[in-house]
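The numbering of the sequence shown is this note's numbering, which starts it at 583 and goes up by one.
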Amino acid sequence: MKHIFVQLLGIEIGFTTKVEDFIKHQGPKITYTKQPLQNEFFIRSNDLLFEQGINDIQIRVQDWEGIPCFFATDERSNIPFDIFSASFYLLSRYEEYLPHVKDELGRFPPETSVAYEHGFLDTPVVDLWSHKFLKILMARFSDIMVKPKKYRFTSIVNVTTSHCFALRGFGRSAAGFFYDLSGLKLSRMVKRIVVWFNPKKDPYDNFSRLVEIHKKFRAKTMFFFQFAAYSAHDKNISIHKNRFRYLIKSVADYSIVSLSASMAAGADVDTLKKEKMQLSNLINRPIKYSRMRYNKVFVPHTYRDLVEAEFTDDYSLGYTHYLGFRAGTSVPFPFYDINLEVQQPIKIHPFAVCDYALRKHGNKEGIFAQLDQMYRKVKLVKGDFILVFSNELLGEKHKINWLELYESLLKRYYV
């Protein structure tokens, strides 16, 4: 309720369970129960927020003037569904506690989500519900004080492989060369040799250009660097390479730099703490923000580990290969741990766009057409539009010049 009223709508609220206090109150008031007390604004409650633990809940999606919703109420309720229970279901990631078959990386598959199944993954329904809810409240209570909100844009550059060929040492470079040779990847071999003689030609090393773009548009930008030991899933440059360390420090002079946790750190909190400490020591400032490898979030355990490691904010909630709003909202919210029945001290920033989801489109026009729709919805509710790009994809120039597209997206959506 605080997320809906305070964060989304800018309305300060109070709570009471005492009937006499509720009746005495002279200002705007809402009853959230099974039965209204008098003639006040009434929302008939679903059982969800009064339960303990996890139960198998049947979701029946209906239409609320063009917006999908669920947990229908009866005719006495001033809105046709329980907006609080429905929002909690999405924000808490309730469905991720339920039994499900994980994908090959152990992630919750988007195809099994209620948003995907019912076609509203690309819509921040919680924000839109709240926006419509406010209009109904204002019609009933014209004296409600509302703090104005502003649309916010954030561009994230995720760096899990800072260089494609450079800075990899003789052993890894030779192994890569013979691997390309065995696969007859001749163009890749040529690029590799060119980079050996001129490391500045590395296709992934586009950081100077990114800093220029960010300065040009003054958009909020964040870089998340992997700073981890080598493993099967984590193959970035050695953290002991001076040129890699200098790169991170130089980027930190112009932008927020934080931790892109390794796959190993996602499975072991001590490794997570170690990576956080090492990166913090390098840039000589606290590390507060996190992103998990492959956007692998295991609810609720990932957030418990992040809290233990003293992160304050996480930017991993979203789907790698699907555009949309995994929690039904574009606005940051605190994580609620259903198993412990406690709000954890970490804020989740859901991203709407991951660059790899854009690879399904063969041209810029198709990308802009889909993103424009999402942008308009977020702008309407004055939400947060967060884009995640990797420096790896930004170094590719196949059918689309991704770095040029990235610059076009910033120009188009940062205001």
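Backbone N, C-alpha and C define an ideal beta-carbon position, used for all residues, glycine too.
Option in the options with minimal Cα separation from residue i
i           : options               : result
residue 839 : 831, 614 and 824      : 831
residue 920 : 633, 613, 938 and 624 : 633
residue 735 : 961, 981 and 980      : 961
residue 726 : 732, 715 and 903      : 715
residue 980 : 963, 644, 711 and 943 : 943
residue 966 : 930, 850 and 742      : 930
residue 938 : 971, 897 and 631      : 971
residue 732 : 589, 825 and 791      : 589
residue 787 : 819, 800, 815 and 802 : 819
residue 888 : 844, 825 and 668      : 844
residue 926 : 896, 948 and 935      : 896
residue 690 : 612, 677, 700 and 699 : 677
residue 802 : 827, 837 and 790      : 837
residue 718 : 625, 704, 863 and 747 : 625
residue 806 : 846, 963, 856 and 870 : 870
residue 621 : 612, 627 and 629      : 612
residue 747 : 989, 854, 963 and 784 : 784
residue 824 : 864, 850, 804 and 816 : 864
residue 949 : 658, 593, 744 and 905 : 905
residue 808 : 860, 765 and 790      : 860
residue 977 : 765, 610 and 791      : 791
residue 876 : 855, 834, 988 and 842 : 842
residue 629 : 988, 653 and 648      : 653
residue 605 : 858, 694 and 623      : 623
residue 964 : 684, 627, 660 and 713 : 713
residue 585 : 610, 909, 846 and 737 : 909
residue 907 : 695, 663 and 583      : 695
Exposed unless 16 or more other CB atoms sit within 10 angstroms - verdict on residue i
i           : result
residue 617 : exposed
residue 650 : buried
residue 866 : exposed
residue 607 : exposed
residue 812 : exposed
residue 742 : buried
residue 687 : exposed
residue 615 : exposed
residue 928 : buried
residue 595 : exposed
residue 968 : buried
residue 878 : buried
residue 947 : exposed
residue 934 : buried
residue 665 : buried
residue 828 : exposed
residue 991 : buried
residue 682 : exposed
residue 868 : exposed
residue 822 : exposed
residue 739 : buried
residue 903 : exposed
residue 814 : exposed
residue 986 : exposed
residue 854 : buried
residue 945 : exposed
residue 951 : exposed
residue 850 : exposed
Terminal residues of the beta strand (DSSP E) in which residue i lies
i           : result
residue 740 : 734-741
residue 806 : 802-807
Limits of the alpha helix (DSSP H) - the one that residue i falls within
i           : result
residue 615 : From DSSP, residue 615 is part of no alpha helix (DSSP H) but of the beta strand (DSSP E) over 612-615.
residue 832 : 824-834
residue 718 : 707-722
residue 797 : 789-799
residue 624 : Where residue 624 is concerned, there is no enclosing alpha helix (DSSP H), although the beta strand (DSSP E) it sits in stretches over 623-626.
residue 605 : 601-606
residue 696 : 696-699
What are the start and end residues of each continuous alpha helix (DSSP H) run of 4 or more residues lying completely inside the segment 918-985, in chain order?
946-962 and 973-976
Which runs of the beta strand (DSSP E) fall wholly inside the segment 889-919 and span at least 3 residues, in chain order?
915-919
Three or more beta-carbon pairs under 8 angstroms between the segment 905-913 and the segment 882-892, yes or no?
no
Those runs of the beta strand (DSSP E) which lie wholly inside the segment 635-691 and span at least 3 residues:
644-646 and 649-651
Flag this pair as touching only if the segment 714-733 and the segment 786-797 have three or more C-beta atom pairs under 8 angstroms; answer yes or no.
no
Would the segment 593-603 and the segment 634-649 be scored as touching if the rule is three or more Cβ pairs under 8 angstroms?
no
Counting pairs of Cβ atoms below 8 angstroms between the segment 874-887 and the segment 947-959, do you hit three or more?
no
Would you call the segment 669-682 in contact with the segment 694-714, where contact means no fewer than 3 C-beta pairs closer than 8 angstroms?
yes
Whole beta strand (DSSP E) runs in the segment 837-886 with 3 or more residues, listed along the chain?
838-842 and 871-873
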